[in-house]
Amino acid sequence: MEKVINSKLLSWYRKNKRNLPWRQTQTNNLPDPYFVFVSEYMLQQTTVGTVKTRFEEFILKWPSINDLARISEKTILIFWSGLGYYSRARNLLKAAKIIKKEFNSKIPNNYDDLINLPGIGDYTTKAILGIAYNKSVMPLDVNIERILARLYGLKLPIIKIKNDLRKKSDNFISKNSSSDLIQAFMDFGSLICTPRNPDCVNCLIQKNCNAFNYNLQDIIPVKLKSKSAKRKKYSRAYIFYNEKNEILVRKRPSKGMLASMLEVPNDNWVINKKNLVTDTIAIKLKNKLKLKGFVDYSFSHFDLETEVFFTKVKKDYFANQKWIKKNNIKISGLPTVMKKIIEVAL
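Its first residue numbered 60, the sequence shown is counted upward by one per residue in my numbering.
Here's what the structure looks like:
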């Protein structure tokens, strides 16, 4: 069965593959390993649609591992604004510097070297090996997991059948066409075997699919019941606007959410709104601050509700503080939540 499915998916892929910038092939008919390397970091917990444009912008700025390894953390964090999960940017830069220093600026082509790079796990390691180097592996992303769960009719949440899926995925490993086959599985999961309302009518492997044969395609993969609702946190943010059309900002702590990113002054985020404590920088001007509105922002594990306050001040009132021009907000490196707060205030 597995060989038949592989053959059909490869044939389908050659006619229907998505046009993605990191798939541009070299003379060996494989993608540039650096392109695959960067794209896999970007695609962690971010959609293909979001990554496409940003990837092209990234490659224009830093077309090689040497170009990337030379920049500072601040530079990549400014670029990464809007992509979220900033730890990925830090890890990508750390990995690039290691590759330049220890691997002569060449993306490693073996499992042990890749898996030890910052921010790379089993999936990313196998994706790079399989797609960029045509190594005989099968990485398991959400698309491949979903296809396998339906093919074998596995009626349990994905998280509970990870090991089973990993073993079954070995049956599909290709000796000669690994790069195309891995991407074929990914595209087929994105275009045909979708999470909701899969296009079973036009599915060329439906006869081999237990989920289709037993009418389980809308049930598999089984969803894991959520134990609790998403937590909500609260904060208050303070926009200080001076006579030079500048906004006061500062750097966040080096650990925790949005580590080392710029922010506007705000209270520590708390679960109970009654426990909010006014940030020290805002205490003296508390009576002059005007409520401008609210910003609701969703992080992966909690939602944040922020009251936004605004006041005009003289620049010399805050000595030795960092200010950003209003017109430079978009290129400032501020995380998206802070940009939204500023939009409400102004």
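Glycine included, C-beta positions come from ideal geometry on N, C-alpha and C. This structure is a prediction, so every number in the text was calculated from the model and none was measured.
Exercise for the section: Please state if the CB of residue 179 and the CB of residue 154 are separated by a distance shorter than 8 Å. Expected result: Result yes, Cβ atoms of residue 154 and residue 179 sit closer than 8 Å.
Problem - Endpoints, the alpha helix (DSSP H) within which residue 54 is located - result: This structure leaves residue 54 out entirely; the chain is present only between 60 and 405.
Handout entry: Secondary structure of residue 352, DSSP reduced to three states
Key = In the structure shown, residue 352 falls within a strand segment according to DSSP collapsed to helix, strand and coil.
Practice task
Quick one: measure Cβ to Cβ for residue 196 and residue 232, integer angstroms, because I've assumed they're closer than 8 Å.
Solution key: Rounded, the Cβ-Cβ distance is 7 Å, consistent with contact.
Problem - contact_flag[the segment 117–125, the segment 364–379] where n(CB pairs < 8 Å) is 3 or more - result: Result no; under three Cβ-Cβ pairs closer than 8 Å.
Problem - Contact check, residue 323 vs residue 297, beta carbons under 8 Å - result: Yes.
Problem - Where the beta strand (DSSP E) through residue 361 begins and ends - result: Per DSSP, residue 361 belongs to the beta strand (DSSP E) from 361–371.
Exercise for the section: Could you check which residue in 189, 146 and 151 has the C-alpha nearest to that of residue 124? Expected result: Looking at the Cα atoms, 151 is the closest of the given residues.
Problem - Spatially closest choice to residue 128 from 158, 175, 274 and 224, by CA coordinates - result: For the residues 158, 175, 274 and 224, the minimum Cα distance to residue 128 belongs to 158.
Practice task
Only counting runs of 3 or more residues, tell me where the beta strand (DSSP E) segments fall wholly within the segment 275–301, in order along the chain.
Solution key: Annotation: the segment 275–301 contains the following complete segments of the beta strand (DSSP E) (minimum length 3 residues), in chain order: 290–300.
Problem - Reference residue 217, options 191, 305, 114 and 254, closest by Cα - result: Checked all of 191, 305, 114 and 254; the closest Cα to residue 217 is 254.
Handout entry: Exposed unless 16 or more other CB atoms sit within 10 angstroms - verdict on residue 393
Key = Residue 393 is buried by the Cβ-count criterion.
Problem - Straight-line gap, residue 89 to residue 98 (C-alpha atoms, nearest Å) - result: Spanning the two alpha carbons is a distance of roughly 15 Å.
Handout entry: Straight-line Cα distance separating residue 369 from residue 352
Key = Distance between the alpha carbons of residue 352 and residue 369: 10 Å.
Problem - 7 Å CB neighbourhood of residue 199 in its chain, flanking five on each side removed - result: Within the same chain, Cβ atoms closer than 7 Å to the Cβ of residue 199 are found at 182, 224, 225 and 228, the five residues on either side in sequence being excluded.
Practice task
Identify every run of the alpha helix (DSSP H) within the segment 131–200, keeping only runs that are complete inside it and at least 4 residues long; order them along the chain.
Solution key: Those alpha helix (DSSP H) runs which fall completely within the segment 131–200 and span 4+ residues are 132–139, 146–161, 170–174 and 181–186.
Problem - Selected residue, minimal CA-CA separation from residue 388, among 372, 380 and 405 - result: Cα-wise, what sits closest to residue 388 is 405.
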